[in-house]
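Colleague: Please read through the structure below; I'll follow up with questions.
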């Protein structure tokens, strides 16, 4: 993929930070507002795709590193499954933090309420784990397929 | 020959789908909704999350979500394995 | 019948996907067919969860006393969308691999395996 | 914390955790990944055996995710379950044992077989994920969870089939075909799930089974589920993916693919017996399954005879052997509504069909492994180019003879035991079916005699001068399967009585299945 015109690059520079922040907002508020780990992760992943498209696959590998993404991906998944395992005292995936008064352990006000960040038990933590996994998975997929496309093209010429 | 067989299979399959669509309960009026009503009423109390969908995704059906994250991980490993000879 | 129009739309969606799979010869078009079926099925699930005049099942600053739509189909659809993304990524990668080796995407020419 | 209650989830979670860890370990040391995978799979094999002992002595097990107790299926006086659960009865653990053995053997075999390949960490990660997917399909009691595991298994198998696609075009082609087939079947399964959900607002197998009415929509759901699950199991006329995928995958993966397609077969039986049971028109559906079986047996074996590629030939035999399972279980289903006939020969036919699943996984796995060993040393899969390999590879020759004798149904190997059960009982149902089954068996023997002759016998060929016996770990893997085959062949009654009969009964008795979850036996 070649890099695109200066207009596209300028707009990308201006916009991608907002997209990433919006994605993290969706991840962090997954238990209160529409959204969650997957949706937020997909939004952040789309920012990476935007960067890749506008800067081209060769230039963008300077600041989007596949290795770091795959490290984060494994980290997110292991965090997720460890959260599942830590409920094993009772059952796998038991929500051991909900209504316990500790981390994210406030009981929710039943019925309509303005929302309290400190509720939900393991749900916000799982949102973060899954969000991390999804955004880095998107990054890896997009980068790998872009470099693979480059490879395919070269092969064809020779 | 192949096209005729495919055509017959397609027609049978499509008629199955059409019949199921026509026989389905009316749009917007779920006949039974006990399981979902249970979620709507009890999700806040049991999990503490305001968003009922999230509490289903991560609590009641949390294992599905693990499977789903695994599917994504599998796809990533598969894509990387397919292009593994490619130097960046 | 008229009340079931959304289901009919879903079925036409799926039917188009199946048609694409069966009668198109291009690998990318076949991938598009799979995506069409997938979107049709997702639409079907989300259609099942609708309840007339109801709001989204989220309590944060919701209008009080309103009925809520069924939340389970939304959770299922979320799962199925992510699975769909994974499927699409892999299917396109394999198509790219085939293009690399054969230099074509036509199914009639990509046929070393037969018999 | 009593870990023995958590065995069902540990069987799945340990390989899963290992699959997530393998890419991290692979950054440090590529060799360690294979050992980690083998360790994780051996732990899960031991746990599966422990669970099997528990289930066969105590009874079916449930494991509810996220509930306050692993066996609390119905929270606070509800009539239906709201959480995902594993529900493992004798049939589920029967399939689980097959998967555990096959995956463990496959991992050991891979240690040397795949050593020359690049990307080993990805390979082992995918192998573990495939195992997890197949285990999940067999253990789950939730219909949507089944779909998720089906997708895990099919995506992992696609990536593994096209694993050699970096150098060759054919594996990528086979992978594409398999991907399209498995996406269609998974999506149609999801559509059927939507139909069930829209009617009953339930997603649990047992709860659905207790309310299912066999209305028009249920008939359509059945009509959608049977063909797509049969397609995933590789039945004729939807078998076009089987030879490609089986022949292009690396040999240990082919063995796992056999187990994966048997998991789809299991799902088909589960849908027909546990979900619908007596409410469906058993005779019609039974005959449909029998016809699938007949077509698979006959077309599979006739296509196999003309093949020149050794793995393609074996893949067509896999299609043909799947037919026996369809035949046996189909006869059992056809007489389900008739208690006398069921007792007379129906149960025996089903025992034959179900026993054949396990036997098939063992001997077909062994045969694919020997084909892989031949490829490993001689570098070719073409039968016309091989010859005289018995001079160089003594152990492989012995294992091939064992496998070939078992698949052809010669005593005293395990194929004979299950085929005899099928012949006897099917003869009482319809003599013609039994005769077809015997003819297919003879053709199978003829085909394998041909393979043996052209690959192993004959004079020493100059181009194979360098060929020697395969490494020890590969011999060990094949020896494990051979021992199982001989053991099953020598003591079939023991296995049928203790493993197969409970599995058949857990399929037939629907009330027992629903009662495990809903109570009120």
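Protein chains in written order, with my numbering: chain G, 27 to 184; chain H, 3 to 90; chain C, 159 to 273; chain P, 8 to 528. Glycine included, each C-beta is placed from N, C-alpha and C at the ideal position.
As a quick exercise: from 174(G), 138(G), 169(G), pick the residue whose alpha carbon is nearest that of residue 79(G).
Modeller: 169(G)
Colleague: Given this structure, state the Cα-to-Cα distance separating residue 67(H) from residue 92(P), to the nearest angstrom.
Modeller: 14 Å
Colleague: Under a CB-based cut-off of 7 Å, is residue 49(H) close to chain C?
Modeller: no
Colleague: So, is residue 62(P) buried or exposed, given that buried needs 16 or more other C-beta atoms within 10 angstroms?
Modeller: buried
Colleague: Looking at residue 273(P): is its Cβ nearer than 7 Å to the Cβ of residue 145(P)?
Modeller: yes
Colleague: Got a sec: is the Cβ-Cβ distance from residue 76(H) to anything in chain G below 7 Å?
Modeller: no
Colleague: Could you please give the first and the last residue of the uninterrupted beta strand (DSSP E) stretch that includes residue 93(P)?
Modeller: 92-95
Colleague: So residue 100(P) and residue 58(P) are in contact, right, with Cβ under 8 Å, and what is the actual spacing, rounded?
Modeller: 6 Å
Colleague: Would you say residue 132(P) faces chain H, with C-beta separation under 7 Å as the test?
Modeller: Output row for residue 132(P): interface = yes.
Colleague: Give me the Cβ distance between residue 45(P) and residue 115(P), rounded to the nearest whole Å; I'm assuming they're in contact under 8 Å.
Modeller: Contact holds; Cβ gap of about 6 Å.
Colleague: Is the beta carbon of residue 235(P) less than 7 Å from the beta carbon of residue 192(P)?
Modeller: yes
Colleague: CA-CA distance, residue 15(P) and residue 312(P)?
Modeller: 42 Å
Colleague: 7 Å is my cut-off, CB to CB: does residue 199(P) come that close to chain C?
Modeller: no
Colleague: Please classify residue 224(C): does DSSP put it in a helix, a strand, or coil?
Modeller: coil
Colleague: For residue 95(G), which residues of its own chain have a beta-carbon under 6 Å away from its beta-carbon, when the five flanking residues on both sides are left out?
Modeller: 162, 165, 166
Colleague: Kindly indicate which three-state DSSP category residue 326(P) falls into: helix, strand or coil?
Modeller: Shown here, residue 326(P) sits in a helix according to DSSP, grouped into three states.
Colleague: For residue 331(P), name the three-state secondary structure that DSSP assigns.
Modeller: helix
Colleague: Would you call the CB atoms of residue 61(H) and residue 73(P) closer than 7 Å?
Modeller: yes
Colleague: Among the candidates 105(G), 121(G), 108(G), 64(G), whose CA atom is the shortest distance from the CA of residue 233(C)?
Modeller: 64(G)
Colleague: Identify each residue in the stretch 140-173 of chain P for which the Cβ-Cβ distance to at least one residue of chain C is less than 7 Å, and report them in chain order.
Modeller: Result list: 151, 155, 158, 162, 165, 166, 169, 172.
Colleague: With a cut-off of 7 Å, does the C-beta of residue 253(C) fall near any C-beta of chain G?
Modeller: No - not a single Cβ of chain G is within 7 Å of the one on residue 253(C).
Colleague: Let me make sure I understand the geometry here. Which of 185(C), 252(C), 266(C) has the alpha-carbon closest to that of residue 170(P)?
Modeller: Taking only the C-alpha atoms, the option nearest residue 170(P) is 252(C).
Colleague: For residue 518(P), count neighbouring C-beta atoms within 10 Å of its own C-beta (all shown protein chains included) and say buried if the count is 16 or more, exposed if not.
Modeller: exposed
Colleague: Compute the Euclidean distance between the alpha carbons of residue 247(P) and residue 184(P), then round it to the nearest angstrom.
Modeller: 9 Å
Colleague: What are the residues of the stretch 88-121 of chain G that lie near chain P, defined by any Cβ-Cβ distance shorter than 8 Å?
Modeller: Correct list: 96, 97, 100, 103, 104, 107, 110, 111, 113, 114, 115, 116, 117, 118, 119, 120, 121.
Colleague: Who pairs with residue 69(P) in a beta bridge, going by DSSP?
Modeller: 94(P)
Colleague: Closest Cβ-Cβ distance between residue 4(P) and chain C: below 7 Å?
Modeller: In the structure displayed, chain P extends from 8 to 528; residue 4(P) sits before or after that span and is not available.
Colleague: Provide the residue(s) that pair with residue 316(P) in DSSP beta bridges, ordered along the chain.
Modeller: 389(P)
Colleague: What does residue 145(G) pair with, by DSSP beta-bridge criteria?
Modeller: 132(G)
Colleague: Can you list, in chain order, the residues of its chain with a C-beta nearer than 6 Å to that of residue 90(H)? Leave out the 5 residues immediately preceding and following it.
Modeller: Per-residue confidence for residue 90(H) stands at a pLDDT of 41, beneath the threshold of 50, marking its modelled position as unreliable; the derived number appears in the next sentence. Hits under 6 Å: none found.
Colleague: Do residue 208(C) and residue 30(H) have their beta-carbon atoms positioned less than 7 Å apart in this structure?
Modeller: yes
Colleague: Taking just the CA atoms, how far does residue 201(P) sit from residue 44(G)?
Modeller: 38 Å
Colleague: Which two residues bound the contiguous alpha helix (DSSP H) that contains residue 38(H)?
Modeller: 36-49
Colleague: In chain order, what residues of the stretch 15-43 of chain P put their CB closer than 8 Å to some CB of chain G?
Modeller: 16, 20, 23, 24, 27, 28, 30, 31
Colleague: Would you say the stretch 56-63 of chain G touches the stretch 40-53 of chain H, given that touching needs at least three Cβ pairs under 8 Å?
Modeller: With a cut-off of 8 Å, the stretch 40-53 of chain H and the stretch 56-63 of chain G count as touching, because enough Cβ pairs lie within range.
Colleague: Quick check on the burial criterion: 16 or more other C-beta atoms within 10 angstroms. Buried or exposed for residue 528(P)?
Modeller: Residue placement at residue 528(P) cannot be trusted, given a pLDDT of 46 that sits under 50; what the coordinates show is reported in the next sentence. Per the 10 Å Cβ criterion, exposed.
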